[in-house]
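**Student:** Offset between the sequence shown (1-based) and our numbering: plus 4. Following this message is one structure expressed as structure tokens.
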Amino acid sequence: MAPDNKKIVPRHIGIIMDGNRRWARARDLPTLEGHRRGYQNIKRIALSAFKSGVEILTVYAFSTENWRREKREVEYLLKLFRLLVDREADLLMKKGVRINFFGRRQDFDKSLQDGMKQIERRTKGNRKGVLNICLSYGGRDEIVRAVRKLAAKKVAPRDITEESISANLDLAAWPDPDLIIRTSGEQRLSGFLTWQSVYSELYFTQKHWPEFDSGDLSQALESYGRRGRRYGK
């Protein structure tokens, strides 16, 4: 079904996919099962978002702080990322979705980095929607890396502007998110798109990420459509 053109649909939404472990504990399931279910939900919500008229979806999959978690949990998450690169990307490729990865790629092994590059190259021409996946990402870290790029280019302090910093961020090629959704009841951004989120509308839901479905996404989009965005005016 085509999206209702009368509805105000955000062009770019970001999602903080929180609550995998809490979802699992509430069902007496292993923590890793919560991560597996959450991983499977990425493609379902991405396709639902694009069907609703959203053009760009950016998801917070793994933060720079997540490396501090238990070794077994981190290793399992890395396996899921590899599955995404090796297998799931094919489905999204067939659906016409473009996939990008952002964050500290150097934190991952070379084979995973190469896989990310290959997916980006293979899907670059796709036009059905853009899925940005943030891995080993932190908003402050992104800003620090952008400033370092400017320093490496020997940009004079007087020439450092909001525009020049924005142009050197990971997501420089994409517009700022119109709407950011966080699941699992927490009401903070936790370093997600710190620079880009200054005028984003925020939507918080009690639903844990593995159980967040297309109906929940529709509610978030409807909430966005009822808001007035003034950008400080």
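Glycine included, each C-beta is placed from N, C-alpha and C at the ideal position. Nothing here was measured: the structure is a model prediction, and the numbers come from that model.
Using a threshold of 8 angstroms, state whether the C-beta atoms of residue 15 and residue 182 are closer than that.
**Tutor:** Yes, the Cβ-Cβ distance between residue 15 and residue 182 is below 8 angstroms.
**Student:** Expressed to the nearest angstrom, what Euclidean distance is found between the alpha-carbon atoms of residue 47 and residue 22?
**Tutor:** The alpha-carbon atoms of residue 47 and residue 22 are separated by roughly 16 angstroms.
**Student:** If you check the beta carbons only, do residue 230 and residue 205 fall under 8 angstroms apart?
**Tutor:** Not in contact: residue 230 and residue 205 (Cβ atoms no closer than 8 angstroms).
**Student:** Does the Cβ of residue 165 have 16 or more other Cβ atoms within 10 Å, making it buried, or fewer, making it exposed?
**Tutor:** The residue in question, residue 165, is exposed, as its Cβ has fewer than 16 Cβ neighbours within 10 Å.
**Student:** Based on the DSSP output, what are the partners of residue 133 in its beta bridges?
**Tutor:** Residue 133 is bridged to 101.
**Student:** Please report the Cβ distance between residue 187 and residue 142, rounded to the nearest whole angstrom; I am assuming they are in contact, meaning their Cβ atoms lie under 8 angstroms.
**Tutor:** 19 angstroms between Cβ atoms; not a contact.
**Student:** Pull up the distance between the alpha-carbon of residue 9 and that of residue 154, whole angstroms please.
**Tutor:** Per-residue confidence for residue 9 stands at a pLDDT of 49, beneath the threshold of 50, marking its modelled position as unreliable; no derived number is given.
**Student:** Just checking, does the region 45-61 make contact with the region 114-134 on the three C-beta pairs under 8 angstroms criterion?
**Tutor:** The region 45-61 is in contact with the region 114-134.
**Student:** Just list the residues that DSSP pairs residue 39 with in beta bridges.
**Tutor:** Per DSSP, none; premise fails for residue 39.
**Student:** In this structure, how does DSSP classify residue 67 when only helix, strand and coil are distinguished?
**Tutor:** In the structure shown, residue 67 sits in a strand (DSSP, three-state: E or B).
**Student:** Got a sec? Which residues, its chain only, sit under 6 angstroms from residue 102 by beta carbon, not counting five neighbours each side?
**Tutor:** The answer, listed in chain order, is 127, 130, 134.
**Student:** Where do the ends of the beta strand (DSSP E) carrying residue 185 lie?
**Tutor:** 183-186 is the extent of the beta strand (DSSP E) around residue 185.
**Student:** Label residue 200 either buried or exposed according to how many other C-beta atoms from any shown protein chain fall within 10 Å of its C-beta, with 16 as the threshold for buried.
**Tutor:** The residue is buried, with at least 16 neighbouring Cβ atoms inside 10 Å.
**Student:** With a threshold of 16 other CB atoms inside 10 Å of the CB of residue 207, please say whether the residue is buried or exposed.
**Tutor:** Classification of residue 207: buried, given that the 10 Å Cβ count is 16 or more.
**Student:** Just to confirm my understanding: we take residue 223, look at its own chain, exclude 5 residues before and 5 after, and list those with CB closer than 6 angstroms. What are they?
**Tutor:** Around residue 223: no qualifying Cβ.
**Student:** From the DSSP output, read off the bridge partner residues of residue 18.
**Tutor:** Paired residue(s): 62, 184.
**Student:** By DSSP, does residue 232 sit in helix, in strand, or in coil?
**Tutor:** If DSSP states are grouped into helix, strand and coil, residue 232 belongs with coil.
**Student:** Can you find a CB in chain C that lies within less than 8 angstroms of the CB of residue 163?
**Tutor:** In the structure shown, chain C does not exist; there is a single protein chain.
**Student:** Since residue 116 and residue 89 should fall inside the 8 angstroms C-beta cutoff, what is the C-beta to C-beta distance between them, to a whole number of angstroms?
**Tutor:** Contact flag correct, Cβ pair sits at about 6 angstroms.
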